[in-house]
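Everything in the sequence shown is counted per numbering that gives the first Met the number 0, starting at 0 for the first residue and increasing by one.
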Amino acid sequence: MPHSSRKKVVKPTYQKRVQLDDADGWTHMTTSRRSQHHGTDKPHGTVQHRDKFVPAEVPVGFRLGFLEKEYARYNDIWTGSECWKRLRDIFLSPSGKPFEGDEHDDQQKQTKQGEGNSQDAELIANNLAELSLNSEAERPVQPSDRITSCVCLGLGSLVDPVSRKTSLYQLVALQSILEILRTRYAITKVYAQDPVFNHMDIEFLKNSCNITVLPDPEAFAKIDSSTFLYAPHCERTFLLPGLKGKKPALSISNTMETLVNGPISTSLADEEIDIAKAFLEGQSATRFPDFEPQPGTFNDMSVYLQTEAD
0 MPHSSRKKVV KPTYQKRVQL DDADGWTHMT TSRRSQHHGT DKPHGTVQHR
50 DKFVPAEVPV GFRLGFLEKE YARYNDIWTG SECWKRLRDI FLSPSGKPFE
100 GDEHDDQQKQ TKQGEGNSQD AELIANNLAE LSLNSEAERP VQPSDRITSC
150 VCLGLGSLVD PVSRKTSLYQ LVALQSILEI LRTRYAITKV YAQDPVFNHM
200 DIEFLKNSCN ITVLPDPEAF AKIDSSTFLY APHCERTFLL PGLKGKKPAL
250 SISNTMETLV NGPISTSLAD EEIDIAKAFL EGQSATRFPD FEPQPGTFND
300 MSVYLQTEAD
């Protein structure tokens, strides 16, 4: 007679692993869970939760040496791009005007949609000049303490087959911007946070870029009035709560005005809109220029400079 108390043996279930081949020829073994969360593949307004983000799978046979070569290749493309030249103009023009000379005058007259308003660019450049970023004549002996740290949010994995190319371009852009800012500001700490970072991302960022990776949500505590915030296409459900009550000195992020005035505003909670409005108070802003080698890398992003004291 069978024992009614005998426990039924339940077979364990496993997530199906899928083999993916990317455009560079690397083979990836991954699960069905999403391993990257920034970029343009997900429509605005989609709510994502932290527990859905897991570290990206490292491609089979992928080594740090390959990542270093890719970084160098993307850096060459970025530094030779018109996007970077226009961005440098905003930060470095001695007169505080982003576009000088005949060539830039023509570009200013023929501004394409998405490249931002030239008056906004001039305004932020003038404000940067007033903060002694631009003027050679007023270069201080010691770097200013106006900006002392950088926090990077939502960069994405540098080895993930979906996000790698975009993430690498956004990383080389960050490093080139930091190089310019450090001629004026004593930026001693750079932090990065993204739940999809894996061990290779963390090792590369630490050893090759001198960036300290913090576990989510510790980086938000590092944001204050002396922070350069870099959050390219960071999910609003991550970014906005971390910005509540905070005023970074300089920010490059999704265009906040679209959250307040755009169609997406109808799907946002009142608190989210209030945070975005508070962030925009006292800001000079200009659109991030288009990046033609890979459109979409910096789309719907803006540069913000906090000009009003708290």
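Heads up, the beta-carbon is just placed ideally off N, CA and C, and yes, glycines get one too.
Predicted model only: the values in this text are computed from it and were never measured.
Positions of the beta strand (DSSP E) runs, each at least 3 residues long and wholly inside the stretch 164-221, are given as 188-192 in order along the chain.
Only residues of its own chain outside the window of five on either side were considered, and among them Leu152, Gly153, Leu238, Ser252 have a CB closer than 6 Å to the CB of alanine 230, listed in chain order. Glutamate 256 and isoleucine 274 have their alpha carbons spaced roughly 12 Å apart. Check the Cα spacing between glutamate 217 and each of Val195, Gly241, Asp200: the tightest is with Gly241. Boundaries for threonine 296: no beta strand (DSSP E) harbours it, and the DSSP string shows neither H nor E there. If you ignore the 5 residues before and after isoleucine 179, its C-beta comes within less than 8 Å of the C-beta of Arg87, Phe90, Leu91, all in its own chain and listed in chain order. Annotated three-state conformation of threonine 285 is strand, per DSSP.
Residue pairing of tyrosine 303 in beta bridges, as defined by DSSP: Ser250, Ala284. Restricting attention to Phe227, Phe203, Lys221, the CA atom closest to the CA of phenylalanine 65 is found in Phe203.
Linking aspartate 75 to glutamate 81 through their CA atoms gives a straight-line distance of about 12 Å. Ranked by Cα distance from glutamate 270, the first of Val171, Arg235, Leu304 is Arg235. A residue is called buried once 16 or more other Cβ atoms fall within 10 Å of its Cβ, and valine 59, having fewer, is exposed.
In the displayed model, serine 148 falls within a strand according to three-state DSSP. Looking at the backbone, the Cα of tyrosine 73 and that of alanine 248 are separated by about 28 Å. Each of Phe219, Thr78, Lys246 was checked against the Cα of serine 283, and the nearest Cα belongs to Lys246. In this model, valine 302 and valine 171 are separated by some 17 Å (Cα to Cα).
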